[in-house]
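With the sequence shown counted from 1, adding 6 to any position gets you my numbering. The structure under discussion appears below in the form of structure tokens.
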Amino acid sequence: VYIVYMGTLPESEYSPSSHHLSILQKLYILLVSGSSFSAASNLLIRSYQRSFNGFAAKLSQDESQKLLNVKEVVSVFPSKSHELTTTRSWDFVGFGESVKRESEKESDVIVGVIDSGIWPESESFDDKGFGPPPKRWKGSCKGGINFTCNNKLIGARFYSKLSLSARDEEGHGTHTASTAAGNAVQGASFYGLAQGTARGGVPSARIAAYKVCLPGPSRCSDVDILAAFDDAIADGVDVISVSISTDHVSNLLNTSVAIGSFHAMFKGIITAGSAGNNGPEQGSVANVSPWMITVAASATDRRSIDRVVLGNRKSLTGISVNSFNLNGTKFPIVYGQNVSKKCSQAQAGYCSEGCLDRDLVKGKIVLCDDFLGNREAYLAGATGAIVQNTFYPDIPFLLPLPASSLSVEDYETIKSYIKSTEHPQAEILKTEEIVDREAPYVPSFSARGPSFTIQNLLKPDVSAPGLEILAAFSPVASPSGLMNPEDKRSVTYSIMSGTSMACPHVAGVAAYVKSLHPDWSPTAIKSAIMTTATPMNLKKNPEKELAYGSGQINPTKASNPGLVYETETEDYLKMLCAEGFDSRSLTKIAGQNVTCSERTEVKDLNYPTMTTFVSALDPFNITFRRTVTNVGFPNSTYKASVIPLPQEIQINIKPEILSFDFLKEKKSFVVTISGEKLKDGSIVSLSLVWSDGSHRVRSPIVVYSIQP
7 VYIVYMGTLP ESEYSPSSHH LSILQKLYIL LVSGSSFSAA SNLLIRSYQR
57 SFNGFAAKLS QDESQKLLNV KEVVSVFPSK SHELTTTRSW DFVGFGESVK
107 RESEKESDVI VGVIDSGIWP ESESFDDKGF GPPPKRWKGS CKGGINFTCN
157 NKLIGARFYS KLSLSARDEE GHGTHTASTA AGNAVQGASF YGLAQGTARG
207 GVPSARIAAY KVCLPGPSRC SDVDILAAFD DAIADGVDVI SVSISTDHVS
257 NLLNTSVAIG SFHAMFKGII TAGSAGNNGP EQGSVANVSP WMITVAASAT
307 DRRSIDRVVL GNRKSLTGIS VNSFNLNGTK FPIVYGQNVS KKCSQAQAGY
357 CSEGCLDRDL VKGKIVLCDD FLGNREAYLA GATGAIVQNT FYPDIPFLLP
407 LPASSLSVED YETIKSYIKS TEHPQAEILK TEEIVDREAP YVPSFSARGP
457 SFTIQNLLKP DVSAPGLEIL AAFSPVASPS GLMNPEDKRS VTYSIMSGTS
507 MACPHVAGVA AYVKSLHPDW SPTAIKSAIM TTATPMNLKK NPEKELAYGS
557 GQINPTKASN PGLVYETETE DYLKMLCAEG FDSRSLTKIA GQNVTCSERT
607 EVKDLNYPTM TTFVSALDPF NITFRRTVTN VGFPNSTYKA SVIPLPQEIQ
657 INIKPEILSF DFLKEKKSFV VTISGEKLKD GSIVSLSLVW SDGSHRVRSP
707 IVVYSIQP
């Protein structure tokens with residue numbers, strides 16, 4: 007089968023399928039004698055005739071070459087078969103189903119998910135083939151009414167008195183749990199979109215669910231979050247995933263996530279936390295504690311778009327996850343201002359709450375100046391909605407009716423069309439998937455650094471797929487979420503976006519590394535994930551590491567990093583002393599005597615990245631001290647290099663060569679950077695790379711002059 011692409015559809019009266027048959031008829035006459043029409047009909051598989059022009063046909067290679075000479079043809083290429091994937095995110099980061107695993111060890115790893123609960127009957131949590139829980143598991147199934155655990159979902163708890171069970175009522179917790187450690191489930195999709203096999207990062211691992219969030223916005227209390235950490239640590243989980251972010255933190259130890267993750271670290275448990283969705287504002291990053299790994303969201307190469315085809319055949323491309331098909335039918339378009347009886351012009355144009363008249367929108371597509379107008383159009387019984395993208399420009403939200411979210415420019419095009427046309431009409435096409443060749447990059451919603459809570463520490467730490475992620479979902483939850491709770495569709499897999507989706511990817515990678523290296527500390531695992539991450543798209547993210555941290559996760563390389571930066575509890579305590587915490591408080595936190603006689607500046611914490619704030623227009627000279635531990639080859643020599651070659655700053659590394667004689671041997675080095683001055687609001691970054699020829703241990707170095 008070949009695809010014959012013919013560009014855009016002509017503006018004039020035109021029958022694409024007739025034209026396509028005509029081309030094949032002429033081809034057939036050139037090659038053989040006989041009934042050219044019936045032969046051409048047998049060759050033609052599909053005509054592309056709604057948004058662009060072309061067709062698919064059964065052709066020999068020779069025939070395909072001849073079609074290249076037809077003047078209307080742009081290109082001819084074979085239709086290839088591609089492997090179907092839904093959790094495309096794992097394949098995109100090089101973590102396919104065939105990756106090396108030790109399933110028995112993986113099944114001994116327990117991932118604790120602190121979230122909105124879980125749907126235990128989901129195929130993603132079926133325990134077929136699983137043996138009993140690890141013997142060290144100390145948790146229990148306290149899931150409440152009509153809730154049963156199994157050998158995959160080995161524990162569940164809920165905390166609010168307003169909840170009757172650990173069952174997930176909004177889908178978020180089910181989604182994150184399955185992303186981290188769900189089974190491989192074939193044939194998963196959202197109404198045919200993103201169809202393929204859904205799987206978590208560690209399909210053989212166990213899951214313990216801790217429900218701390220109730221349906222609705224801001225319903226995750228610190229009381230319950232801290233209780234969940236308390237239980238999870240005692241239950242014996244190995245990894246904690248917490249897709250909850252606390253904004254505007256003024257103190258490292260005054261939030262439940264910071265406190266809980268500190269104690270998890272103390273007990274050898276790594277915590278992955280979401281960076282938050284308040285981007286792209288600088289300094290918006292949440293979960294900035296150095297003892298947890300903070301995760302930004304990134305895009306994969308799969309993007310969802312949907313098209314609006316106007317009555318004049320003009321096609322406009324919007325973004326939304328639209329599962330509905332209008333089957334080629336065009337409907338009248340009406341502007342919100344013209345279908346309201348009781349609102350001001352501005353409110354009516356926005357399609358504000360209660361403004362749309364049910365009788366006037368029935369059987370019509372409503373044009374709304376505000377994104378949230380889609381909900382009002384749905385409630386009023388409209389056939390569809392076209393809304394202006396006043397929200398995040400790069401998130402395709404799930405909508406409860408045929409709808410598309412357009413850019414300001416395209417939205418104004420439709421407004422002009424309505425004004426200039428006596429009977430304006432449009433069709434909204436079902437979502438299609440395209441390849442995003444600019445990925446990976448950090449979308450606008452993902453929170454940015456620097457941290458204003460703790461300077462001289464790079465946050466976020468790393469990036470992971472968080473845009474358009476398909477994973478398990480609660481069948482009683484609204485697929486279109488809090489914006490459209492009235493959406494009564496019931497699905498078992500759904501598409502979501504956010505740093506909440508990125509976080510469990512990193513939890514899954516941490517669990518994978520833990521399965522291969524059960525004796526590694528949380529900081530060794532964190533270092534492995536960060537120093538093997540892949541640099542990101544600078545064109546899309548001028549904020550550089552303040553957007554994506556060390557870069558995009560690379561799970562297979564994280565399992566064999568070569569060197570790791572390890573940080574002990576004592577190091578964190580010395581850092582907290584330097585940050586102004588008193589010895590009395592720290593003694594209580596650590597359960598040991600802390601005198602604060604020794605202090606470690608944040609920049610000298612043995613962290614896998616090196617970051618410093620400098621005052622604008624002032625010369626600077628900064629020193630970083632680091633120690634690495636050999637986890638690669640017993641006899642190995644690492645040489646230092648800097649990429650890219652610095653221009654604004656000078657850098658010196660001593661020593662430039664590290665030689666190791668045995669595993670777990672430690673070596674220290676010093677990095678000094680200096681420069682004349684930086685402009686206010688500047689970011690300068692480069693990377694120190696240690697390489698022995700087999701491993702590349704990369705540490706970003708970031709200098710910034712951004713102030714709150």
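Note that beta-carbon positions come from the ideal geometry of N, C-alpha and C, so glycine has one too.
How many angstroms separate the CA atom of residue i from the CA atom of residue j?
i: P471; j: T505; result: 8 Å
i: E78; j: P16; result: 11 Å
i: I29; j: E19; result: 18 Å
i: P446; j: T306; result: 6 Å
i: R309; j: K673; result: 45 Å
i: L258; j: V80; result: 59 Å
i: Y341; j: D493; result: 23 Å
i: E127; j: V637; result: 41 Å
i: V10; j: H511; result: 39 Å
i: V367; j: G334; result: 20 Å
i: C374; j: F397; result: 13 Å
i: A190; j: A45; result: 44 Å
i: F451; j: V291; result: 11 Å
i: K550; j: H25; result: 50 Å
i: I160; j: C147; result: 7 Å
i: L664; j: S113; result: 37 Å
i: A391; j: A383; result: 6 Å
i: E474; j: S503; result: 5 Å
i: S700; j: N658; result: 24 Å
i: K421; j: Q431; result: 12 Å
i: F666; j: T633; result: 13 Å
i: A302; j: L407; result: 30 Å
i: P449; j: S304; result: 6 Å
Could you check how far apart the C-beta atoms of residue i and residue j are, in whole angstroms? I think they sit under 8 Å.
i: S556; j: M536; result: 4 Å
i: V229; j: V248; result: Contact doesn't hold; Cβ gap of about 15 Å is too wide.
i: V245; j: A513; result: 5 Å
i: S711; j: S642; result: Actually they are not in contact, since the Cβ atoms of S711 and S642 sit about 38 Å apart, beyond 8 Å.
i: G202; j: G188; result: Not confirmed; about 14 Å, so no contact.
i: A516; j: I276; result: 5 Å
i: K670; j: T618; result: About 30 Å; that fails the 8 Å criterion.
i: S346; j: A352; result: Incorrect: roughly 11 Å between the Cβ atoms, too far for contact.
For residue i, which of helix, strand or coil comes out of DSSP?
i: G207; result: coil
i: V119; result: strand
i: G193; result: strand
i: C509; result: helix
i: R443; result: coil
i: D312; result: strand
i: P528; result: helix
i: N566; result: coil
i: S688; result: coil
i: Q535; result: In the sequence under discussion, the amino acid at residue 535 is Ile, which differs from the Gln named in the question. In the structure shown, I535 sits in a helix (DSSP, three-state: H, G or I).
i: E438; result: strand
i: V608; result: helix
i: Q71; result: helix
i: S665; result: strand
Leaving aside the five residues before and after residue i along the sequence, list all residues of the same chain whose C-beta is less than 8 Å from its C-beta, in chain order.
i: R319; result: L15 and E17
i: L592; result: L579, L582, C583, V600 and C602
On the DSSP bridge assignment, give the partners of residue i in chain order.
i: W696; result: A646 and V703
i: Y499; result: A478
i: L159; result: I213
i: V468; result: V301
i: S346; result: L362
i: R632; result: F675
i: A63; result: Y8 and L50
i: C147; result: A162
i: A278; result: S247 and I299
Using a threshold of 7 Å, is the CB atom of residue i nearer than that to any non-hydrogen atom of the ligand SAH?
i: G222; result: Annotation note on the ligand SAH: not contained in the displayed structure, which lists no ligands.
In its own chain, which residues sit with a C-beta less than 7 Å from the C-beta of residue i, not counting the 5 before and 5 after it?
i: T562; result: G100, F101 and V105
i: T540; result: G557, Q558 and N560
i: P652; result: L692
i: V76; result: I29
Please list, in chain order, all residues of the same chain as residue i whose beta carbon is under 6 Å from its beta carbon, the five residues on each side excluded.
i: I124; result: D174, G179, T180, A183 and A215
i: K273; result: I239
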